[in-house]
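Quick note on my numbering: the sequence shown kicks off at 17 and runs consecutively.
Glycine included, C-beta positions come from ideal geometry on N, C-alpha and C.
I have placed the structure first, in the form of structure tokens, so that the comments after it can refer back to it.
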Amino acid sequence: MPQPVQQALVELSGATKQYQLGGAGILALDNVGLRIDAGEFVAVWGPSGSGKSTLCNLIGLIDSPSAGSVSFRGADAALMSDDQRSTMRNRSIGFVFQGFNLVPVLSALENVMLPLQIGGASAQAAKAAARLRLEQVGLGGQMAQRPAKLSGGQQQRVAIARALVAGPVLVVADEPTANLDTANAVLIIDLMREISRREGTTFVFSTHDDRLLARVDRKVMLRDGCIADDVRQERADYRMRVYS
Ligand SMILES: Nc1ncnc2c1ncn2[C@@H]1O[C@H](COP(=O)(O)OP(=O)(O)OP(=O)(O)O)[C@@H](O)[C@H]1O
Ligand SMILES: [Mg+2]
């Protein structure tokens, strides 16, 4: 019997992105085809300027291609209105950034509550959900701290809790470990992978650090805006860690 075909979570087809800089066109992505399924844990890697951020922005529906298509759960993003696209993004996609991007005057707890409150949740419901997420990333004891009182690794864990609090199906992280030392970078990747395993959340993150690549299920290498390599590897079975 034929197997039912699973719908891709995100699918890029012939995706090309050209930027205009002065009079010249810069081809940041060149005819990229890429399918990402629900639950995958994927690293996008490659040298500086190879198109990693551009690809993350297309996958996260932050930007649209100059040619070709990006679909999310079978729906072509180009056929959605701006409102539909941002609703889809707010409901289904979480983001983590290189610079953590936390609100400095808010506590860790308030930062994580924010997406839910913007979405209309009560303060009580937002607080309960944010507490659970902060405990999950090992920051149960630091909820009242402002970002400046936390280490870089701790700030990035707050950002991961914030990205997850509204229950996204996909988290897109552009260079989430670029500002961290190796030990903290490994902690962040392992934390994301554990959450992906446990909850089935799809993660796509970019990195230029090839030491992290052994820890992912799939590594997509970009070179000059093209996919140079796309490798699936055996799921490594890492033990649970305790985060402090
Ligand atoms: N807004 C923009 N305007 C013009 N050119 C851009 C813009 N954004 C990116 N580019 C160019 O597109 C190409 C791909 O850039 P991109 O930022 O996606 O690469 P990257 O792999 O993320 O690089 P890095 O490792 O330095 O973050 C580069 O040549 C870059 O200079
Ligand atoms: Mg980049």
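In this structure, the straight-line span from the alpha carbon of residue 78 to that of residue 29 is close to 17 Å. No heavy atom of ligand 1 is found nearer than 7 Å to the CB of residue 196. Here the distance from the Cβ of residue 44 to the nearest heavy atom of ligand 1 is below 7 Å. Put simply, the segment 199 to 216 does not touch the segment 126 to 134. Fewer than three CB pairs are less than 8 Å apart. The DSSP-derived three-state label of residue 46 is strand. Relative to residue 185, the option among 151, 220, 160, 166 whose CA is nearest is 220.
Checking the 7 Å criterion, the Cβ of residue 218 is out of range of every heavy atom belonging to ligand 1.
Taking 7 Å as the cut-off, one finds at least one heavy atom of ligand 1 near enough to the beta carbon of residue 69.
Bridge partners of residue 245 according to DSSP: 237. DSSP lists 41 as the beta-bridge partner residues of residue 36.
Taking residue 33 as the centre and dropping the five residues before and after it, the same chain places the C-beta of 44, 45, 70, 81, 82 closer than 6 Å to its C-beta, in chain order. A distance below 7 Å between beta-carbons, with the five flanking residues on each side excluded, links residue 109 to the following residues of its chain, in chain order: 76, 77, 184, 186, 188. Around residue 229, the same chain offers 59, 61, 235 as residues with beta carbons nearer than 7 Å, after the five sequence neighbours per side are excluded. In this structure residue 163 is buried. Its beta-carbon is surrounded by 16 or more other beta-carbon atoms within 10 angstroms. For residue 190, the distance from the CB to the nearest heavy atom of ligand 2 is below 7 Å. Considering only 88, 21, 99, the residue with the shortest C-alpha distance to residue 27 is 88.
In terms of Cβ geometry, residue 128 and residue 150 form a close pair [threshold 8 Å]. Exclusion of the five residues before and after residue 240 leaves no residue of its chain whose Cβ lies closer than 6 Å to its Cβ. Annotation for residue 50 indicates a beta carbon at 7 Å or more from all heavy atoms of ligand 1. Residue pairing from DSSP places residue 220 in a beta bridge opposite 58, 188. Rounded to the nearest whole angstrom, the CA to CA distance from residue 144 to residue 204 is 23 Å. Scanning its chain for C-beta atoms nearer than 7 Å, with the 5 sequence neighbours on each side dropped, one finds around residue 225 the residues 193, 201, in chain order. Shown here, residue 31 sits in a strand according to DSSP, grouped into three states.
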